[in-house]
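Encoded as structure tokens, the structure appears first; notes follow it.
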Amino acid sequence: MRITHIHLYHISLPYVHPFETSFGRELEREAILVAVEADGLTGWGECVAGSGPWYSYETIGTAWHVLVDFLVPALLGQEISQPADVVARFSRVRGHAMARASLENAVWDLLGRAQGLSLAQMLGGVRPAVPVGVSVGIEPTLDELLAQVEGYVAAGYGRVKLKIKPGWDVAVVRAVRERWPELPLQVDANSAYTLADAARLAELDAFDLLLIEQPLHHDDMVDHAALQRRLRTPICLDESIHSPQHARWALDIGACRIINVKVGRVGGFTAARQIHDLCAERGVPVWCGGMLETNVGRAGNLALAALPNFTLPGDISASARYFHHDIAAPDFTLNADSTITVPGGPGSGVQVLPERLAAAVVRSLVFPLG
Ligand code: NPQ
Ligand code: MG
146 MRITHIHLYH ISLPYVHPFE TSFGRELERE AILVAVEADG LTGWGECVAG
196 SGPWYSYETI GTAWHVLVDF LVPALLGQEI SQPADVVARF SRVRGHAMAR
246 ASLENAVWDL LGRAQGLSLA QMLGGVRPAV PVGVSVGIEP TLDELLAQVE
296 GYVAAGYGRV KLKIKPGWDV AVVRAVRERW PELPLQVDAN SAYTLADAAR
346 LAELDAFDLL LIEQPLHHDD MVDHAALQRR LRTPICLDES IHSPQHARWA
396 LDIGACRIIN VKVGRVGGFT AARQIHDLCA ERGVPVWCGG MLETNVGRAG
446 NLALAALPNF TLPGDISASA RYFHHDIAAP DFTLNADSTI TVPGGPGSGV
496 QVLPERLAAA VVRSLVFPLG
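To convert a position in the sequence shown, counted from 1, into this note's numbering, add 145.
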């Protein structure tokens, strides 16, 4: 298929509820949607970079730049028959994984629509529905946090992740654990601690957590390996794993026992599946992380989480947890067993709604430039 047109849409959608992590509180999700056209078909991808360089150095602005000046020119007008063709065309680009992933994933969607295959089928998914949980942000008070968790448990979420930071950790986890003694529970520090906090983090061993996610520096593996030796609870790396190579390095030195796979952070479905395969070979469980995506990104996460070694619940909640009016349909809902059904395709299985997209657009661009 020859890629004849590429569209970029910078969008903004208000959250249903503000989302606070150790790096700050946000009220709306900015994102970039990319659309690739060939043979009268359109494939969609979502760039999960944030408004600012807090979770990652990538931002909406850097992704827009790298897409416009390097990635779109490398793909526009090219003959593509498989995702590997896109990976090859982007191989000169260092970093900027979220920008690369958005275009590569749009091509996966395009190829799936052309071939009548779902993303899950293309990736090798084995589950019709995937176990999911919810990521609960930091709240102004413990009472408000407990009310949030209560609402999600009542809605049927069978696994909860709490965001933690110094001053919002042991007491909060203890309170949630006392109220829900059997609830599968995990925490995510988004790099808010150092090795000097090892004793404090070891106190979390008392609460039977599934894992502690990215407690230390966002690019660290060495200190995480030292910390893992002092913790009973498995460390799960998120921010530190930028590629399949990083995954291998982390496992080789014992920096973690679990990996959070985010398709944007590692540069697309191709790399995400490679990390899945490596971890499966090594007997290391993976799970699908979330970036508060629209239904476009969420559909891709569900397809990825259908792979066999995604054995822990993903940060993939129902559409209603995120936005009032998503830009794509259908919305995803939670099944009674805390799973979400993997879309059946073709491609991602969701359709972008033009009027919803138009209402959310901040700026847009179409290539070739008129
Ligand atoms: C995590 N996600 O696992 C991330 C953090 C995160 C669901 O906890 C804009 C840009 C919004 C980056 C929201 C969850 C974000 C973001 C959350 C990163 O660490
Ligand atoms: Mg995380």
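Each residue gets a CB set at the ideal place from its N, CA and C atoms; glycine is no exception. This structure is a prediction, so every number in the text was calculated from the model and none was measured.
- Between the ligand MG and the CB of residue 359, the shortest heavy atom gap is smaller than 7 Å.
- Taking a C-beta distance under 8 Å as the contact criterion, residue 146 and residue 259 qualify as a contact pair.
- In the structure shown, the three-state DSSP call for residue 400 is coil.
- Residues of the same chain with a CB within less than 7 Å of the CB of residue 473, apart from the 5 flanking positions on each side, are 439, 440, 441, 495, 496, 497, 498 in chain order.
- Within the region 241-321, the complete alpha helix (DSSP H) runs of at least 4 residues fall at 242-260, 264-268, 287-300.
- Between residue 293 and residue 302, the alpha-carbon positions lie close to 12 Å from each other.
- When distances are taken from the beta-carbon of residue 364 to the heavy atoms of the ligand MG, even the shortest one reaches 7 Å or more.
- Rounded to the nearest whole angstrom, the CA to CA distance from residue 256 to residue 189 is 11 Å.
- As for any beta strand (DSSP E) of minimum length 3 sitting wholly inside the region 427-495, the runs are 431-433, 484-486, ordered along the chain.
- In the same chain as residue 307, and ignoring 5 residues on each side of it, the C-beta atoms closer than 6 Å to its own belong to 281, 332, in chain order.
- Nearest neighbour of residue 324 by Cα position, chosen from 288, 334, 192, 342, turns out to be 288.
- In chain order, 501 place their CB closer than 7 Å to the CB of residue 470, counting only its own chain and leaving out the 5 sequence neighbours on each side.
- Shown here, residue 155 sits in a strand according to DSSP, grouped into three states.
- Here residue 406 carries a strand assignment [DSSP, helix/strand/coil].
- Here the C-alpha atom of residue 379 lies approximately 7 Å from the C-alpha atom of residue 373.
- CA-to-CA, the gap between residue 229 and residue 335 works out to about 32 Å.
- Positions of the beta strand (DSSP E) runs, each at least 3 residues long and wholly inside the region 164-250, are given as 169-183, 186-192 in order along the chain.
- Taking a cut-off of 8 Å on C-beta distances, the region 393-411 touches the region 421-431, as three or more cross pairs fall below it.
- Under DSSP, the beta-bridge partners assigned to residue 150 are 182.
- Nearest to residue 184 by alpha-carbon distance, out of 196, 202, 158, 149, is 149.
- Distance from residue 249 to residue 414 at the Cβ level is roughly 7 Å; contact confirmed, criterion being Cβ atoms closer than 8 Å.
- Distance check between residue 360 and each of 314, 169, 153 places 314 closest, using alpha-carbon atoms only.
- Burial is judged here by how many other beta carbons sit within 10 angstroms of a residue's own beta carbon; residue 511 has fewer than 16 and is exposed.
- Look at residue 369 here: in three-state DSSP terms it is helix.
- In terms of Cβ geometry, residue 367 and residue 387 do not form a close pair [threshold 8 Å].
- Here the C-alpha atom of residue 377 lies approximately 30 Å from the C-alpha atom of residue 447.
- In this structure, the beta-carbon distance from residue 451 to residue 271 falls below 8 Å.
- With respect to the C-alpha of residue 241, the residue from 445, 202, 305, 350 having the closest C-alpha is 202.
- Per DSSP, the unbroken alpha helix (DSSP H) holding residue 502 starts and ends at 499-505.
- Just so you know, the alpha carbons of residue 244 and residue 460 end up roughly 21 Å apart.
- Rounded to whole angstroms, the gap between the alpha carbons of residue 279 and residue 462 is 6 Å.
- The Cβ-Cβ distance between residue 155 and residue 508 falls below 8 Å.
- Closest in alpha carbon position to residue 347, among 321, 322, 375, 365, is 375.
- Taking C-beta atoms under 8 Å as the contact rule, residue 261 and residue 475 fail to qualify, at a distance of about 19 Å.
- Our two residues, residue 216 and residue 484, have alpha carbons roughly 35 Å apart in a direct line.
- In terms of Cβ geometry, residue 400 and residue 382 form a close pair [threshold 8 Å].
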